[in-house]
Each structure stands twice: as structure tokens, then as C-alpha cells.
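>
2 protein chains.
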Amino acid sequence: MVLVDELRRILPEEQVTVNPTVLEQHSKDESYHTPHLPDVVVFPKNKEEVSEVLKFANDHEIPVTPFGFGSSLEGHVIPYQGGISIDFQLMNRVLEVRPNDFLVRVQPGVTRTQLNKELKKYGLFFPVDPGADATVGGMAATNASGTTSVRYGVMRDQVRDLEVVLADGRIIHTGSMTAKSSSGYHITGLFVGSEGTLGAFTELTLRVYGIPEVISAARAVFPSVEEAVATVTDILSAGIQMARIELVDARSIKQVNLYNQTDYPVKPTLFMEFHGNEAGLQYDADFAEKIAQDHGCEEFLFETDSKERAKLWEVRHNLAYAFVHKSPGKKMMVTDVCVPMSELGGAIHDAREAIDRIGLDGALLGHVGDGNYHSIIMIDVDDPEEMKKAAELNAHLVDYALSRGGSCTGEHGVGVGKTKYQQKEHGESLDVMKAIKFALDPKGILNPGKIFE
Amino acid sequence: MVLVDELRRILPEEQVTVNPTVLEQHSKDESYHTPHLPDVVVFPKNKEEVSEVLKFANDHEIPVTPFGFGSSLEGHVIPYQGGISIDFQLMNRVLEVRPNDFLVRVQPGVTRTQLNKELKKYGLFFPVDPGADATVGGMAATNASGTTSVRYGVMRDQVRDLEVVLADGRIIHTGSMTAKSSSGYHITGLFVGSEGTLGAFTELTLRVYGIPEVISAARAVFPSVEEAVATVTDILSAGIQMARIELVDARSIKQVNLYNQTDYPVKPTLFMEFHGNEAGLQYDADFAEKIAQDHGCEEFLFETDSKERAKLWEVRHNLAYAFVHKSPGKKMMVTDVCVPMSELGGAIHDAREAIDRIGLDGALLGHVGDGNYHSIIMIDVDDPEEMKKAAELNAHLVDYALSRGGSCTGEHGVGVGKTKYQQKEHGESLDVMKAIKFALDPKGILNPGKIFE
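Just so you know, the sequences run in chain order X and C. Mapping the first sequence onto the UniProt record's numbering, position 30 (from 1) lands on 30, and the numbers just tick up by one. Mapping the second sequence onto the UniProt record's numbering, position 8 (from 1) lands on 8, and the numbers just tick up by one.
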């Protein structure tokens, strides 16, 4: 109780709570990872309040875990050592849109859809789309990406400046409003993806883009995963810029058909989106179709109308639901390895085999242009046998990826789920990361147990 | 002599030299900064040799300065505290091209044109073009960019993995071969732009791109700098992707006309390059021309043929020479501030006024899509009055940029020339940078005096 009283001396009373429902909400994310309650949840309204909370926590060596929307997938926001959960939902304002600079300045609690609603007024949009309606603070903390990164890049590519409250309460700005800079160390990119272990973000300056004149979409069916991946490689080699390129494997299509009573061809399928002008897009789509046909494409559908486009992508959008629906009461484990593109076909093949061999079931889908793919496995977290199988699958996929120059996580981050693979992936450079962590958070109060074991 | 003898115990004799000519070559870069001799120059052939040299230097607290091509513009490679200059010219092999992964693995001494010659065989190219035929190691060390970053990004955006030898000789890999990763801290981006102060690069894995199907170019003449900049903003808002957009001011065109006996309109002029397919490019160029005309464009020329394209860009290419030519015996000072795009028109106006007011002369050109511009001033380094004027101009431009959310260097880096502006630009985040430097190079042997005062 002392902790609450102390915090209520720093923040207005209503911004500090130990309400059991609120604590429970801040004990978990959207993953299968075991929940753990914080001791207290605070709702700061500005950077000064965040700074005061951190100064206090640092002085008393109390763990602090930043919390956005709670949509993380590796337990990032779960406060396994208790302490203070900082919820940024009261810091949710779009502070400034600078259309001529293609920039927006926002507070960390702004969600992706909220931001895009505001930007639309200016003919602009923010491209990073991780699926969930996450906060931009959370997206920056995990270096989120999603379906559009083949064209627009990942979260790290969009962040121009962060206002960060450090462990000891100091408030810094990491960057500037310029498109580029070679001034000093690039610490913006270091803080992006640091998962709350180096500081808490209180403001972000993000890059935004003009809404493309025309958006078109295509769906293409292939005899094999390898031919689908080869098509994407050839399309990218030809310099055709796609905004999204998603691969869904045959087993996954089968499940969607079952769930939706549709009859899509049960074959590896590519879902594409093109952004540009009408003349260029038609040309690009024709070229893409020709390349697809060279790789045995059995059906190539192309649409520009927005409703028809949505229909074309229906399978991709319904994929997770089709598997969630068939597994009531289970939790989702989403694997997230990334491999060099030339290894993706083999990796997806191997993943499907591993899922079958281990005796699990789930979807397989890939952000093909990035070499990043997910299996979505529904597991009963109370069944130790199933949990063991899930862990075995995860470990197998990570080993496969690492042995081929890949990464254990393409976009979800380390959280607690991937700490055990950090040594293997990074080798001695993990010591460099730890040295940086120690230099900036010597008492280890910031999101302890995440990224590092 | 002891130092040389010790180093010759570590490296083959012919790879360690105190030859005065060689020392002199390693005492300077392409800028006006005062030269300073190293005590010895070494030419390692592999990472193990680099590691041995660094272990030795760290044990004996001897300064070490990495050296690529020597084309830096802020004294980065000048060993002001003497010690060892590590020249990477013997590590100049393209190790592996992975066309299906759009990756290349290279040694640090590979030059930009050497790399592109090799990539061309695969229909690929490396887009970063800082002008000079720098080594990729040096380009990564300074986070170089140039004319193409509006489309392809800067050096940091291309580096997937670095093999780095740390101050104490440890050899690490900072990244992987994947297009993206959210695994651990993004230290690749931290080492890129660290100017040899955190480690020496011994291998780089770089992103490469398919050579575009069609390249076209345009030149457009405007009544004012503001209208030219507004045109670029509108073009980017419309989602038209340009590969290069360069602005040259009227005074600079006048000098080119004098030097080349040409009669280009003495007005602010935009030089554009488009990459894409034929249909799309024609559409984009027509659209760009329409936008330009809305901003009072007085002449818009468009070309696709490669010879005609080169002619269209002639002014831009001859710019520096036109000023160098008129100032025999002088050295070049190139300023390099970056501002938010909305501030660029005002900044260029102010820069021209400042050049006139201070009593200097030179070219003004901008990478408009990035808000980055240069003045190229020829100065007599032996004339204290002229040196004072140059310093005054530099300081004025930096102050102007910083007061408008800008950066003191867009692409050249800090070196010794911009150390004095670091505190003002970064505030307390400079302490974070220093903490990282101290964590990784506690004895301060790596390129001392650069970035930090």
C-alpha cells in the first residue's frame, strides 16, 4: 500500500489505481504467455508525470512496465516482477500534422486507426499495419511492421524523433524533424524495438505518406509454395513495387473454406496490392501476371474497385478467425521467424511438415517480400502436453531460421517468449546490447526480464 | 619506432608502414580541415588482423582511426592524436551476391563503382550515391546518402549486417540477412554513422535493388526557390515516386554558364529522375509537369534516352567544378544542414543572403526531397580572414537549421567539423551517446576527437 500512497503524492489520485479489474487488464497481452499482476497501474497525462514516476521508481528500484493497447504477442507488457504498469491511454492526442513535411507528432497512446482517421483529412496515411489496432507507442517499442513493409518499411523506418523518459527520469529527444541526419549516434533506431527496456516514449514524430492515387489488388493461385515465392522474387527483381505481398498455404485455405463455406482453390495463394497511378499499375499488374504464369500460376485475378479488392483479399483477412473459431477456449501462439527471401519457400514447407509431425494444427502465412512468416497455432494453455508441443514447434522454427541466416522474430519482438534464443542469434553482440542496457538503466528497473533473460 | 616494431610482430611487415608519402596520404581528407599525420599506417587483409591490431592498441591505449577512400568532408579520417591509421584497401572483395535475397556481402574497402560494376551482371544496383567514389565501409561509417535517398533511403537503410571489430578486439555481427527483425537492440543502425568511434567494420551485408526498367529525367525552371520547393512537396503528396530531385539556385546556374559557356536560364532549377515502367513514368512525368506549371514553371524538359538524360542534368553535374575551377589553390568547404522540407525554401534563401552578406561566394544546391542542402564555398585555408568568414557562415546555417527542427549535418557526418554543434542539437541525448561510447570503448582509443569534443 505504501507504493500506491507514494505514487499518489506524485500523480493525481485518480491516475493511480490498484482496482483488481484494472490490475488484471494489465497482467496479460494477446498471447499464450502466463499473466502476472502489476502492483499498481498509473495513467500519466504528460511527460513530466512519466518522469516523476520513473525518478521515484529508479530511486526505490521498483520495476516499471510501459503498457499501450496490450496487443503484444510475446508477453512484452506482462509485469512479471510486479511493480508499476504505466498505461499511456490518457496520452492519446495527435499533436500536430505537418503535411508539407510528411510528418505527424503524436502521443504514444494514439492508436493506428485513430491516427489514420486524422491523417485522411490531409490526404495522408500512416502505412504500418500490424493487424491489431495497437498504439503507436507500442508499435515503436516492438518495431512492429505487418503487410505493408515490403513497400513502406517497418516501424523503425517511420520514426524520426522520440521523446523518451529515461530510467532516471531524464527527458531526451532522440532525433529531429528532418528526413535524414548524420549527426551523432542514431539512438532513435536503438530505442525503437527496445520494448520498454531503455525508456518510456512520451512523444513520437512519425513519417507519413500521400494516399496513393490508385490502389489495386490481385490474387494468384500456384501449384507450389516454391513457385509462389519465385514469382515474388522475379517481380521484385523487375523493380515492380508492390505495397503488400502475402502468401497463404493450401492447408490454411482449406480451413477458410470450411469456416466460410467458400470454395477457393486449395493451393498456395499470393495476395498482392499495388499503389500508384492507373497507367503504371495496369502495366505492373500485367507484368506481374506474366511472371506468375511463367511459374505455373493457375488463376490470376486483378481488381481496382475497393469493394472487389476487399473480396479478393477475403481469405487472407479471415485466416486467423477461421482457426480461432475452430478452437474455442484455446489461446493463440503465433510464431514469427524471418529468413532471407531465398529460404522462404523451404522454410514454409518445413514449417508445415513440423506442424504435422509434432501433431498440431494451424495457419501458415507469410509476408513474402520480407521473408517473414507466421504459423498461428491454437493451444490449450492448461494442457502441458500441448504447451510442450507448441514450444517444440517454436524452437524448431527458430533453429531452422537461425541456421539459414534468419532471425527469431521478424516483427513481434522478443518479450519473454524469445529471450532464450537471443544468445544463439546474436552471439557476442548480445553483450554489446547488455552493455548498452546497463549504461542506460543500471538498476534494471525498466521492463525487467524482457529481451534479456 | 617501437610502435612499428610491435605492429610488425602482429602483421606481415609489408602491411605496416611509416613511409612519409603514405603517412601524408592518411593525414587528410577532401575537406579544408587541417591535416595531421598518423604515426603508422596498417593494411590488414582480414578481420583477424584488424582484431589483433585493435587488441594491441587497446592494451596500449593507442589511438586508431579507420581509413577508407579518404573522401570524407569533415575530417573524419584525420588522426589528430596520431597513432594507427587502418587502411582497408586490401579488404576490397565482393564476397557474395545473393540476387534472390537482394543482398550483397562485401568487404569494407569495396568502392561504390566497383560494387555497381559487379552487381550489374545480375541486373542489380546499389543506389546510394554520395558523389565521391567512396568505399562502402566509409559510407556506412558516416551514414552517407546523396541524390537518391528520396527514393531508396540513406546508407543506414541499406545495411542489414555489419561485422564489427570492437575496441578490445572482439568480433561481432550486428544483424542478419533478413529484410527485417525485431530481435534485440538494433545496433546495426547504431554502428552505421558512428564514424569509427565504436568499432571498425570488416564486412557489410547490403541491400541491393533490381535495375529499374526505365529511367527518365526532367529539368524544370522556376521563378523562385519557393515555387520549386512547393512543386516537390506537391509531387511527393501526389504519391509520385521520384528517384532524384535536385535543386540548384540561380547564382549557381550563372557560374556554370560562365564556366561552360552555356546559356541555361539563370533561375532556380529542379533536376528530376524517375525510375519505373514506361507507361507509369510517362504518366508521372505528365503529372509532375502539370504540378510544376501550377507553380509557374517556365520550362519543363523530359528525356528517357540515357545520353539526352545526361545532357539534361549537365548543369547539376558540373556545378562543383564550375566553382572549383574559378578558385585555383583554394580548398572546398561544403556545408550540409538538413531542415524539415517545409523550411527548405526559406533556408536556401537565407543561405544565399548569408553568403553575400559575409562576403563569400559559392554554389547552393539541395537534395530537395530530403530537406538537405549544401553550399560549396572555396576558401584559402591560409587566409585567416577567409577561414573566419567560412566558420561564420557554417555557424549561421547550422543555427538557422537547428532553430527550425533541423540537423547540423544531413549526410556528411560530424567528424571534427560539427562536434561543436552536438550539444546544441542533441541536448541531454548527447549524454546517452557518450554513455554508449564509454560502454563500448572505455579507453577512448577509437577515432578520438570525432563526434564528441
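All residues carry an ideal CB built from backbone N, CA and C; glycine is no exception.
Does G138/X come within less than 8 Å of chain C when only Cβ atoms are used?
Locating residue 138/X in the first sequence gives position 138, where the first residue counts as 1. Not an interface residue.
> Leaving out five residues before and five after A320/C in sequence, what residues of the same chain have Cβ atoms less than 6 Å from its Cβ?
As a position in the second sequence, residue 320/C is number 320, starting the count at 1. Excluding positions up to five away in sequence, the list reads I376.
> So that I know if they touch, is there some Cβ in chain C lying closer than 8 Å to that of F201/X?
The residue given as residue 201/X occupies position 201 in the first sequence. Output row for F201/X: interface = no.
> Less than 7 Å between C-beta atoms, sequence neighbours within five positions excluded: which residues of the same chain meet that for I172/X?
The sequence position of residue 172/X within the first sequence is 172, counting from 1. Taken in chain order, the residues that qualify are V164, L166.
> Report the partner residues of Y80/X according to the DSSP bridge assignment.
As a working mapping, residue 80/X is identified with position 80 in the first sequence. Paired residue(s): none; Y80/X is not in a bridge.
> Can you find a C-beta in chain X that's less than 8 Å from the C-beta of Q158/C?
Within the second sequence, numbered from 1, the residue matching residue 158/C stands at position 158. It does not: the Cβ of Q158/C has no partner Cβ on chain X nearer than 8 Å.
> Is any beta-carbon of chain X found at less than 8 Å from that of H33/C?
Here residue 33/C refers to the residue found at position 33 of the second sequence. H33/C does not count as touching chain X.
> Output the residue ranges of the beta strand (DSSP E) runs that lie fully inside the stretch 385-413 of chain X and measure 3 residues or longer, sorted by chain position.
Qualifying beta strand (DSSP E) stretches: none in this window.
> Could you have a look at Y321/C and say whether DSSP puts it in helix, strand or coil?
Taking the second sequence and counting its residues from 1, the one referred to as residue 321/C is at position 321. Note: Y321/C maps to helix in three-state DSSP.
> Spell out whether any CB of chain C is found under 8 Å from the CB atom of R352/X.
Looking up residue 352/X in the first sequence gives position 352. By this cut-off, R352/X is not an interface position.
> Going by the beta-carbon positions, is the gap between D380/X and K326/X smaller than 8 Å?
In the first sequence, the residue the question calls residue 380/X occupies position 380. In the first sequence, the residue the question calls residue 326/X occupies position 326. Contact flag unset, no.
> Counting only beta-carbon atoms, is H396/X nearer than 8 Å to chain C?
Residue 396/X sits at position 396 when you count from the first residue of the first sequence. So, not an interface residue.
> V414/X touches chain C at which residues, Cβ-Cβ below 8 Å?
Reading the first sequence from its first residue, position 414 is the one you call residue 414/X. Residues of chain C passing the Cβ test: S182, S183, G184.
> If I measure Cβ to Cβ from A238/X and keep anything under 8 Å in the same chain, skipping five residues before and after, which residues do I get?
Locating residue 238/X in the first sequence gives position 238, where the first residue counts as 1. Cβ neighbours of A238/X beyond the five flanking positions: F287, I291.
> Roughly how many angstroms separate the alpha carbons of L198/C and L54/C, rounded to a whole number?
The sequence position of residue 198/C within the second sequence is 198, counting from 1. The sequence position of residue 54/C within the second sequence is 54, counting from 1. The alpha-carbon atoms of L198/C and L54/C are separated by roughly 12 Å.
> I want to see whether chain B comes within less than 8 Å of Y283/X, judged by CB atoms only; does it?
No chain B appears in this structure, whose protein chains are X and C.
> Is the separation between the beta-carbon of N116/C and that of G280/X shorter than 8 Å?
By 1-based counting over the second sequence, the position of residue 116/C is 116. By 1-based counting over the first sequence, the position of residue 280/X is 280. Not closer than 8 Å, so no.
> Can you pull the chain C neighbours of G101/X, defined as C-beta to C-beta under 9 Å?
What you label residue 101/X is simply residue 101 of the first sequence in a count that begins at 1. Gly is not the amino acid found at residue 101/X; the sequence shown has Asp there. T233, P340, M341, S342, E343, G371, G405, listed in chain order.
> So, at 6 Å on beta carbons, what are the nonlocal neighbours of A363/C in its own chain, with the 5 sequence-adjacent residues on each side left out?
As a first step, residue 363/C must be located in the second sequence, where it is residue number 363. Excluding positions up to five away in sequence, the list reads S252, L319, F323, I376.
> Whose C-alpha, out of E299/C, H374/C, E353/C, G369/C, is nearest the C-alpha of M333/C?
Taking the second sequence and counting its residues from 1, one reaches residue 333/C at position 333. Comparing Cα-Cα distances from M333/C to each of E299/C, H374/C, E353/C, G369/C, the minimum goes to H374/C.
> Under 8 Å Cβ-Cβ, which residues of chain X neighbour A238/C?
Taking the second sequence and counting its residues from 1, one reaches residue 238/C at position 238. Near A238/C (Cβ distances below 8 Å), the residues of chain X are G210, E213.
> Assign L301/C to buried or exposed, taking buried as 16 or more other Cβ atoms, counted over all protein chains shown, within 10 Å of its Cβ.
For the purposes of this step, residue 301/C is taken as the residue at position 301 of the second sequence. Exposed: under 16 other Cβ atoms inside 10 Å.
> Nearest to E428/X by alpha carbon, out of T34/C, G131/C, D168/C?
As a first step, residue 428/X must be located in the first sequence, where it is residue number 428. Nearest option by C-alpha distance: D168/C.
> Along the chain, which unbroken stretches of the beta strand (DSSP E) at least 3 residues long are found entirely within the stretch 228-308 of chain C?
Taking only runs of at least 3 residues, the beta strand (DSSP E) segments lying wholly in the stretch 228-308 of chain C are 244-248, 269-276, 299-303.
> Is G138/X closer than 8 Å to F69/X when the C-beta atoms are compared?
Residue numbering aside, residue 69/X sits at position 69 when the first sequence is read from its first letter. Residue numbering aside, residue 138/X sits at position 138 when the first sequence is read from its first letter. Going by C-beta atoms, F69/X is nearer than 8 Å to G138/X.
> Looking at C-alpha atoms only, which residue of A250/X, E289/X, L440/X is the closest neighbour of H349/X?
Along the first sequence, read from residue 1 onward, the residue named residue 349/X stands at position 349. If we check each option's Cα against that of H349/X, A250/X comes out closest.
> Would you tell me roughly how many angstroms separate the C-alpha atoms of M242/X and K420/X, rounded to the nearest one?
Position 242 of the first sequence, counting from 1, holds the residue named residue 242/X. Position 420 of the first sequence, counting from 1, holds the residue named residue 420/X. Each residue's Cα considered, the two are about 35 Å apart.
> Since V416/X and K450/X are thought to touch, with beta carbons under 8 Å apart, how far apart are those beta carbons, to the nearest angstrom?
As a working mapping, residue 416/X is identified with position 416 in the first sequence. As a working mapping, residue 450/X is identified with position 450 in the first sequence. The pair is a contact, with the Cβ atoms about 6 Å apart (cut-off 8 Å).
> Leaving aside the five residues before and after K254/C along the sequence, list all residues of the same chain whose C-beta is less than 6 Å from its C-beta, in chain order.
Stepping through the second sequence from its first residue, residue 254/C is reached at position 254. Contacts found: V266.
> With a cut-off of 8 Å, does the C-beta of A435/X fall near any C-beta of chain C?
In the first sequence, the residue the question calls residue 435/X occupies position 435. It does: the Cβ of A435/X has a partner Cβ on chain C nearer than 8 Å.
> With the cut-off set at 8 Å, would you say G210/C and L236/X are in Cβ contact?
One-based indexing of the second sequence puts residue 210/C at position 210. One-based indexing of the first sequence puts residue 236/X at position 236. Yes, the pair counts as a contact, with Cβ atoms nearer than the cut-off.
> Check the Cβ-Cβ distances between M242/X and every residue of chain C, and say whether any is below 8 Å.
Stepping through the first sequence from its first residue, residue 242/X is reached at position 242. No, no contact with chain C.
> Alpha carbon to alpha carbon, what distance is there between V110/X and D133/X?
Within the first sequence, residue 133/X is the residue found at index 133, counting from 1. Within the first sequence, residue 110/X is the residue found at index 110, counting from 1. Taking the straight line joining both Cα atoms gives about 10 Å.
> Using a beta-carbon distance below 8 Å, is M177/X in contact with chain C?
On the first sequence, position 177 is the one that residue 177/X refers to. With 8 Å as the cut-off, M177/X counts as an interface residue toward chain C.
> Around the C-beta of P130/X, are 16 or more other C-beta atoms found within 10 angstroms, so that it is buried, or is it exposed?
By 1-based counting over the first sequence, the position of residue 130/X is 130. Flag for P130/X reads buried.
> Report yes or no: is there a C-beta of chain C within less than 8 Å of the C-beta of K420/X?
What you label residue 420/X is simply residue 420 of the first sequence in a count that begins at 1. Not closer than 8 Å to any Cβ of chain C, the Cβ of K420/X fails to qualify, so no.
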